[in-house]
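Chemist: Here's a structure for you.
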Amino acid sequence: MSYLAKNYNRKKISFSRGKGSYLYTTNGTKYLDFVQGIAVNCLGHANSRLIKTIKNQSKKLWHVSNAFEIPEGEKLAKKLCQKTFADYVMFQNSGAEATEASIKVARRYFYSIGKPNKNRILCVKNSFHGRTLAAIYASGSKKMTEGFGPKVPGFDHFVFGNHKSLKKKINKNTAAIMIEPIMGEGGIKVIPDWCLKELRKLCNKKKILLIVDEVQTGVSRSGDFFAFESSKIRPDIVPIAKGIGGGFPIGAVLMNKKVAAGMTPGTHGSTFGGNPLACSIANTVIDIVSSKKFLNNVKRLSKYFLSNLNQLKEKYPEVIKDIRGRGLLIGIQLHQNQAKFIKKLMDHKLLTIRAGENVVRILPPLNVKKNELDQAFKIINKVCSEFK
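Numbers 101 to 488, taken from our numbering, label the letters of the sequence shown in order.
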């Protein structure tokens with residue numbers, strides 16, 4: 101009997117260790133892990149540089165209150181600001197906290213300039229921004245909000261790709277538009293660069309803020325440090341998490357100077373956010389994944405793998421409906437049941453995870469090897485042949 105709550109439908113499998121792209125079960129069976137904690141272990145399992153960092157820092161200091169200066173956090177914030185659009189960073193523990201804090205930052209900004217009625221956030225319907233009460237209502241998903249009423253107010257929604265609907269939904273109370281540049285849970289749907297540019301122009305015109313949720317797409321997952329960078333826009337607020345800690349819990353909100361001015365002492369806090377241990381690990385992650393060489397390798401591997409998958413789509417058109425994604429955030433949309441396909445992949449020792457619109461989500465570590473992609477491709481090919 102398990103004493104864990106039943107809010108997860110867990111597969112009857114558990115792991116005792118991992119190394120790089122692989123996981124090993126308690127009975128020694130080896131799996132190729134293309135879930136990686138859902139885009140969290142960006143450098144795979146048991147990365148030697150991260151182990152060294154965590155060992156060194158754990159011997160010195162784990163946690164102190166944010167009532168004091170934290171040099172490791174100052175160092176990480178400086179790196180993030182120097183590499184991105186941001187002027188300030190506010191550390192959290194997770195993606196849900198980061199998106200929740202981003203909503204607070206947007207509302208607080210308008211409050212601070214004497215416009216407290218500008219407090220509504222416009223989001224894509226059936227997007228995903230986390231599991232807090234506010235975040236599930238921001239997502240606009242009936243499935244996620246069912247049973248958690250009363251409704252948290254302050255959110256409006258438009259349909260993905262419906263630009264007329266988007267413009268009509270902006271009103272005098274709209275504070276910000278919040279979007280994922282690639283909808284992860286929503287089915288690996290990529291917002292084109294031209295669309296991001298138009299969103300930025302629209303926000304400028306309407307004098308509202310643009311929040312780009314990079315919790316899943318950020319920290320080099322897309323082949324750029326942030327997925328929005330290919331569009332050359334500058335958001336106002338960006339929540340991040342997942343990959344930044346390489347498997348250790350840490351999140352952050354990146355802000356420009358304008359909106360950060362509203363976050364005065366006492367407006368937000370986090371007991372564990374920005375602790376020395378988390379920030380030390382994140383500093384090492386950033387040093388590795390933000391280099392031009394590393395990013396170019398992610399793009400090269402992505403191009404190779406996506407090319408192979410598109411060939412599979414041509415080979416098995418009755419099985420594969422679409423190949424989606426960018427960088428190493430990849431989706432295979434199926435005609436048939438995704439759960440059975442994922443189970444077949446697991447039977448052949450490849451771990452993947454579902455996404456919306458009947459999509460199989462593939463999330464290898466960013467330092468995955470070419471031969472590991474080849475191994476995954478062979479398994480996917482085999483499963484496709486069995487589904488013919």
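Quick reminder that beta carbons are idealized off the backbone N, C-alpha and C, glycines included.
Since the model is a prediction, treat every value here as computed from it, not as a measurement.
#1: With distances taken between CB atoms, is the gap from P281 to V312 smaller than 8 Å?
#2: DSSP three-state call for R220: helix, strand or coil?
#3: By the three-class DSSP mapping on this structure, what secondary structure does H257 have?
#4: If you follow the alpha helix (DSSP H) that L377 is part of, which residue opens it and which one closes it?
#5: Am I right that F207 and N219 are in contact with their C-beta atoms under 8 Å? What's the rounded C-beta distance?
#6: If you run the structure through DSSP and keep just helix, strand and coil, what is Q433?
#7: For Q436 and V459, which I take to be in contact (beta-carbon distance under 8 Å), what is that distance rounded to the nearest angstrom?
#8: If you pair each beta-carbon of the segment 281-300 with each one of the segment 174-186, do three or more pairs fall below 8 Å?
#9: Exposed or buried, what is F191 when buried is set at 16 or more other beta-carbons lying within 10 Å of its beta-carbon?
#10: For V359, which option in L451, S407, V338, L150 has the closest C-alpha, if you only look at C-alpha atoms?
#11: Whose C-alpha, out of K403, I203, H163, is nearest the C-alpha of T371?
#12: Considering only the alpha carbon of each residue, which of F248, F325, L132, I170 lies closest to N396?
#13: Would you list the residues sitting across from T274 in a DSSP beta bridge?
#14: Using DSSP's beta-bridge definition, name the partner residues of I203.
#15: For the beta strand (DSSP E) holding F328, just list the boundary residues, first then last.
#16: Could you tell me which residues DSSP puts in a beta bridge with L123?
#17: Could you tell me which residues DSSP pairs with H145 in its beta bridges?
#18: Quick check on the DSSP output: the beta strand (DSSP E) that includes M363 runs from which residue to which?
#19: Distance check for R426 and P292, CA to CA, integer angstroms please.
#20: For D422, report the span of its beta strand (DSSP E) as first-last.
#21: Give me the residue from E200, S380, I350, C303 with the minimum Cα distance to K152.
#22: For the alpha helix (DSSP H) that V398 lies in, which residues bound it at each end?
#23: I'd like the span of the beta strand (DSSP E) that includes M101, first residue to last.
#24: Which first and last residues belong to the alpha helix (DSSP H) in which F477 is found?
#25: What is the DSSP secondary structure of A186, reduced to helix, strand or coil?
#26: Since A455 sits in a beta bridge, which residues does DSSP pair it with?
#27: Taking one C-beta from the segment 130-143 and one from the segment 328-347 each time, how about it: are there three or more such pairs within less than 8 Å?
#28: Terminal residues of the continuous beta strand (DSSP E) containing L354?
#29: Taking all protein chains shown into account, do 16 or more other C-beta atoms lie within 10 angstroms of the C-beta of Q411, making it buried, or fewer, making it exposed?
#30: With the cut-off set at 8 Å, would you say I288 and G137 are in Cβ contact?
#31: On a CA-only basis, which of E472, I453, F477, M278 is nearest N109? Give me that one, please.
#32: Quick test of your reading: Y209 and L310, contact by CB under 8 Å. State the CB separation rounded to the nearest angstrom.
#33: I442 lies in the alpha helix (DSSP H); which residues open and close that run?
#34: In three-state terms, what does DSSP make of Q316?
#35: What would DSSP say about I113, mapped onto helix, strand or coil?
#36: Check each candidate in L354, D336, S320 and name the one with the smallest Cα separation from D387.
Modeler: The structure says:
#1: Your numbering for residue 281 matches position 181 in the sequence shown. Your numbering for residue 312 matches position 212 in the sequence shown. The answer is yes: Cβ separation under 8 Å.
#2: If you number the sequence shown from 1, residue 220 lands on position 120. Strand.
#3: As a first step, residue 257 must be located in the sequence shown, where it is residue number 157. Here H257 sits in strand by DSSP.
#4: Within the sequence shown, the letter at position 277 stands for residue 377. Its alpha helix (DSSP H) spans residues 376-389.
#5: Residue numbering aside, residue 207 sits at position 107 when the sequence shown is read from its first letter. Residue numbering aside, residue 219 sits at position 119 when the sequence shown is read from its first letter. Checking the displayed sequence, the identity of residue 207 turns out to be Arg instead of Phe. At roughly 5 Å, the Cβ-Cβ gap stays under 8 Å, so R207 and N219 are in contact.
#6: Here residue 433 refers to the residue found at position 333 when the sequence shown is read from its first residue. Under the three-state reduction of DSSP, Q433 is assigned to strand.
#7: Residue mapping note: residue 436 aligns to position 336 of the sequence shown, counting from 1. Residue mapping note: residue 459 aligns to position 359 of the sequence shown, counting from 1. Incorrect: roughly 12 Å between the Cβ atoms, too far for contact.
#8: By the criterion of at least three beta-carbon pairs nearer than 8 Å, the segment 281-300 is not in contact with the segment 174-186.
#9: The sequence position of residue 191 within the sequence shown is 91, counting from 1. Taking all protein chains in view, the Cβ of F191 is crowded by 16 or more other Cβ atoms within 10 Å, so the residue is classified as buried.
#10: As a working note, residue 359 is residue 259 in the sequence shown. When C-alpha distances from V359 are compared across L451, S407, V338, L150, the shortest belongs to V338.
#11: As a first step, residue 371 is located in the sequence shown; it is residue number 271 there, counting from the start. Of the candidates K403, I203, H163, the residue whose Cα lies closest to the Cα of T371 is H163.
#12: Taking the sequence shown and counting its residues from 1, the one referred to as residue 396 is at position 296. Comparing Cα-Cα distances from N396 to each of F248, F325, L132, I170, the minimum goes to F325.
#13: Mapped onto the sequence shown, residue 274 falls at position 174. DSSP lists R220 as partners of T274.
#14: In the sequence shown, counting from the first residue as 1, residue 203 sits at position 103. According to DSSP, I203 bridges with nothing at all.
#15: Taking the first residue of the sequence shown as position 1, residue 328 is located at position 228. Careful: F328 lies outside any beta strand (DSSP E) and carries neither H nor E.
#16: Working through the sequence shown from its first residue, we reach residue 123 at position 23. DSSP, once it has assigned bridges, lists G118, Y131 as partnering L123.
#17: By one-based count along the sequence shown, residue 145 stands at place 45. Secondary-structure assignment with DSSP links H145 through a beta bridge to G120.
#18: Taking the first residue of the sequence shown as 1, we reach residue 363 at position 263. Run containing M363: none; DSSP gives neither H nor E here.
#19: Here residue 292 is taken as the residue at index 192 of the sequence shown, counted from 1. Here residue 426 is taken as the residue at index 326 of the sequence shown, counted from 1. Straight-line Cα distance between these residues: approximately 11 Å.
#20: Taking the first residue of the sequence shown as 1, we reach residue 422 at position 322. Looking at the DSSP string, the run of the beta strand (DSSP E) that includes D422 is 420-426.
#21: By 1-based counting over the sequence shown, the position of residue 152 is 52. Residue S380 is the option with its Cα nearest to K152.
#22: Sequence index remark: in the sequence shown, residue 398 carries index 298 (1-based). Segment 392-415, the alpha helix (DSSP H) holding V398.
#23: Taking the sequence shown and counting its residues from 1, the one referred to as residue 101 is at position 1. M101 -> no beta strand (DSSP E), and no H or E assigned at all.
#24: Here residue 477 refers to the residue found at position 377 of the sequence shown. For F477, the uninterrupted alpha helix (DSSP H) run begins and ends at 470-487, by DSSP.
#25: If you number the sequence shown from 1, residue 186 lands on position 86. Judged by DSSP in its simplified three-state form, A186 adopts coil rather than helix or strand.
#26: As a working mapping, residue 455 is identified with position 355 in the sequence shown. According to DSSP, A455 bridges with V459.
#27: Yes, since at least three Cβ pairs between the segment 130-143 and the segment 328-347 fall closer than 8 Å, the two stretches touch.
#28: Within the sequence shown, numbered from 1, the residue matching residue 354 stands at position 254. Residue range 351-355 is occupied by the beta strand (DSSP E) that includes L354.
#29: In the sequence shown, counting from the first residue as 1, residue 411 sits at position 311. Q411 is exposed by the Cβ-count criterion.
#30: If you number the sequence shown from 1, residue 288 lands on position 188. If you number the sequence shown from 1, residue 137 lands on position 37. Going by C-beta atoms, I288 is not nearer than 8 Å to G137.
#31: The residue labelled residue 109 in the question sits at position 9 within the sequence shown. N109 has its Cα closest to that of I453, out of E472, I453, F477, M278.
#32: Here the question's residue 209 lines up with position 109 in the sequence shown. Here the question's residue 310 lines up with position 210 in the sequence shown. Actually they do not touch by this definition, with Cβ atoms about 12 Å apart.
#33: Here residue 442 refers to the residue found at position 342 when the sequence shown is read from its first residue. Its alpha helix (DSSP H) spans residues 438-447.
#34: Here residue 316 is taken as the residue at index 216 of the sequence shown, counted from 1. Coil at Q316, not helix or strand.
#35: Numbered from 1 along the sequence shown, position 13 holds the residue referred to as residue 113. Coil at I113, not helix or strand.
#36: Within the sequence shown, residue 387 is the residue found at index 287, counting from 1. The candidate whose alpha carbon is nearest that of D387 is S320.
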